[in-house]
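Since the structure comes first, as structure tokens, the remarks are kept for the end.
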Amino acid sequence: MAGKPILHYFNGRGRMECIRWLLAAAGVEFEEKFIEKPEGLDKLKNDGSLMFQQVPMAEIDGMKLVQTRAILNYIAAKHNLYGKDMKERALIDMYSEGVADLGEMIMHLPLCPPAEKDAKLTLIREKTTNRYLPAFENVLKSHGQDYLVGNKLSRADIHLVELLYYVEELDPSLLASFPLLKALKARVSNLPAVKKFLQPGSQRKPPTDEKKIEEARRAFKF
Amino acid sequence: MAAKPKLWYFHGRGRMESIRWLLAAAGVEFEEEFLETREQYEKLQKDGRLLFGQVPLVEIDGMELTQTRAILSYLAAKYNLHGKDPKETVRIDMYADGTLDLMLMVALAAFKPLEEKEESLALVVKKAKTRYFPVFEKILKDHGEDFLVGNKFSWADIQLLEAILMVEELDASVLCDFPLLKEFKTRISNIPTIKKFLQPGSQRKPPPDNHYVEVVRNVLQL
């Protein structure tokens, strides 16, 4: 029997969190090896474990996978969370990429120089309210189904719900005018595997601590 | 008979160029509508054709697809350029994502102030020489085959050629330490569909110039 996937990353959300969510939602147990010092990262690089000298890296099915999207695509396909055909997959990809774009903005907020932070936050609020949440609310409205694509849970729902938690952390009122998204969030959160992941003590990582990020920045020079 | 795919974008490379390459390499004829005015862009948005209010937009097989990677994945799968099994697909995804990251850096550099732009482009060349091209040279060396994955032409090969040519525009000597990539470049360039695309008068777009940047800024109100 194949071993559990092993995730190599820092002990924080960053670019690995969406992978943790997807594995957890798929009911897949996984291990984590946290990179705590530059030496840890150097070792992985010198071992030839990181194709482009970067993490995330996921050891899965005998492979050392890098590039967040490649990893997500592989997991989604393996666990039937990628639609039933090419057209459903295209929709799922389109929605997932939109989630990733907003997610990226939110992820980078703690890294923003203090002088730029307010402007960045305003931009994020504006895009959330006027671009991204309406798009997804409209998708759900247009077909009236429980999930974004093909009336079945897919990675798109998981990525979106993860994002909704981050939006809520930023400002709960941002979700106020999106009843269908709130319903999706509740529905997906109640799936047994997701419910478990949302509980304290799971492998889900907390919001990025600004102090920790500063330390990481200095240690890893980014 | 199915209609030709229709591409909506600015008259330049940007985020659409990899899509043009993939279609051309697959021997698929496509039409293009170029965004030149703010009014055209607003009409696309008002008509609800841009899921997240953004281009690229590709009309294909009755769908209005946005999000570059979603479009590329769909096309790769449709034209049998995405590997024969999940393990090949994930390798193609890893390689393609890496080269796409590199090429997007070039696309975005065009919009920076001159000094930053030069710095960005120098960084692209550095990354190509130290992070990306060594990896692909080694892949080709290790298996001794003509193509990156599965001894068969794939999306990964198309992206790598596109990236090589793009970086060569910045530094003509960039392949001097990579003999297998030089051979690869010649070999892939000689594939009939690609050879045709590389000839003057094809739908391949030139590097971004000031006029292009101005049009984009105007249309998107950046």
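Protein sequences, first through last, are from chains A and B.
57 is the number that this note's numbering gives to position 70 of the first sequence; each next residue is one higher, with no gaps.
Add 280 to a position in the second sequence, counting from 1, and you land on the number used in this note's numbering.
Ideal placement from N, C-alpha and C gives every residue a C-beta, glycine not left out.
query                                                                                                                                                                                : result
Taking Cβ positions, are residue 112/A and residue 161/A nearer each other than 8 Å?                                                                                                 : yes
Starting from residue 497/B, find everything on chain A with Cβ-Cβ shorter than 7 Å and list it in chain order.                                                                      : Those within 7 Å of residue 497/B in chain A number zero; the least Cβ separation is about 17 Å.
Check whether the stretch 336 to 347 of chain B touches the stretch 23 to 32 of chain A, taking contact to mean three or more Cβ pairs, one atom from each stretch, closer than 8 Å. : no
Tell me which same chain residues have a C-beta within less than 7 Å of the C-beta of residue 37/A, skipping the five on either side of it?                                          : 31, 44 and 53
So what's residue 284/B in DSSP terms, helix, strand or just coil?                                                                                                                   : coil
Measuring straight from C-alpha to C-alpha, what distance separates residue 182/A and residue 141/A?                                                                                 : 16 Å
List, in chain order, every chain A residue whose beta-carbon is nearer than 7 Å to that of residue 346/B.                                                                           : 81
What are the boundary residues of the alpha helix (DSSP H) that residue 61/A is part of?                                                                                             : 55 to 65
What span of residues does the beta strand (DSSP E) with residue 454/B cover, start to end?                                                                                          : First-last for residue 454/B: undefined, no H or E at that position.
Whole angstroms is fine: what's the gap from residue 339/B's alpha carbon to residue 289/B's?                                                                                        : 12 Å
Mind checking the stretch 407 to 428 of chain B against chain A and listing, in chain order, the residues whose C-beta falls within less than 8 Å of any C-beta there?               : 411, 412 and 415
Does any C-beta atom of chain B lie closer than 8 Å to the C-beta of residue 44/A?                                                                                                   : no
Got a sec? Which residues, its chain only, sit under 7 Å from residue 467/B by beta carbon, not counting five neighbours each side?                                                  : 426
Quick check: is the beta carbon of residue 53/A nearer than 8 Å to any beta carbon in chain B?                                                                                       : yes
How would you call residue 186/A, buried or exposed, if buried means at least 16 neighbouring beta carbons within 10 angstroms?                                                      : exposed
Check residue 201/A in the structure and name its three-state DSSP category.                                                                                                         : helix
Looking only at its chain, what residues have a beta carbon closer than 6 Å to the beta carbon of residue 361/B, apart from the 5 residues adjacent to it on each side?              : 434 and 435
Could you pull the DSSP bridge partners for residue 155/A from this structure?                                                                                                       : Answer by DSSP bridge pairing: none, since residue 155/A is not bridged.
With a threshold of 16 other CB atoms inside 10 Å of the CB of residue 209/A, please say whether the residue is buried or exposed.                                                   : exposed
Can you tell me whether residue 328/B is buried or exposed? The criterion is at least 16 other CB atoms within 10 Å of its CB, across all chains shown.                              : exposed
Return the first residue and the last residue of the alpha helix (DSSP H) that residue 119/A is part of.                                                                             : First-last for residue 119/A: undefined, no H or E at that position.
Got a sec? Which residues, its chain only, sit under 7 Å from residue 156/A by beta carbon, not counting five neighbours each side?                                                  : 194
Taking Cβ-Cβ distances shorter than 8 Å, what residues in chain A pair up with residue 353/B?                                                                                        : 60, 76, 77 and 80
Using C-beta distances below 6 Å, list every residue in its chain close to residue -4/A, excluding the 5 sequence neighbours before and after it, in chain order.                    : 3, 42 and 43
Residue range of the alpha helix (DSSP H) that residue 423/B falls in?                                                                                                               : 413 to 423
What are the boundary residues of the alpha helix (DSSP H) that includes residue 362/B?                                                                                              : Looking at the DSSP string, residue 362/B is not in any alpha helix (DSSP H), and its letter there is neither H nor E.
Quick one, are the C-beta atoms of residue 441/B and residue 469/B less than 8 Å apart?                                                                                              : yes
Roughly how many angstroms lie between the CA atoms of residue 136/A and residue 179/A, to the nearest whole one?                                                                    : 20 Å
Would you say residue 143/A faces chain B, with C-beta separation under 8 Å as the test?                                                                                             : no
Here's the rule: buried if 16 or more other CB atoms are within 10 angstroms of the residue's CB, otherwise exposed. What is residue 130/A?                                          : exposed
What ranges does the beta strand (DSSP E) occupy inside the stretch 18 to 103 of chain A, keeping only unbroken runs of at least 3 residues that lie completely in it?               : 18 to 21, 44 to 47 and 50 to 53
Look at the Cβ atom of residue 478/B, then the Cβ atom of residue 417/B, and state whether they are nearer than 8 Å.                                                                 : no
Quick one: list the residues of chain B neighbouring residue 85/A, beta-carbon separation under 8 Å, in chain order.                                                                 : 331, 332 and 347
Skipping 5 residues on each side, what residues in its chain have a beta carbon closer than 6 Å to that of residue 286/B?                                                            : 311 and 339
Going along the chain, which residues of the stretch 299 to 330 of chain B sit with their C-beta nearer than 9 Å to a C-beta in chain A?                                             : 328
Alpha carbon to alpha carbon, how far is residue 484/B from residue 19/A?                                                                                                            : 44 Å
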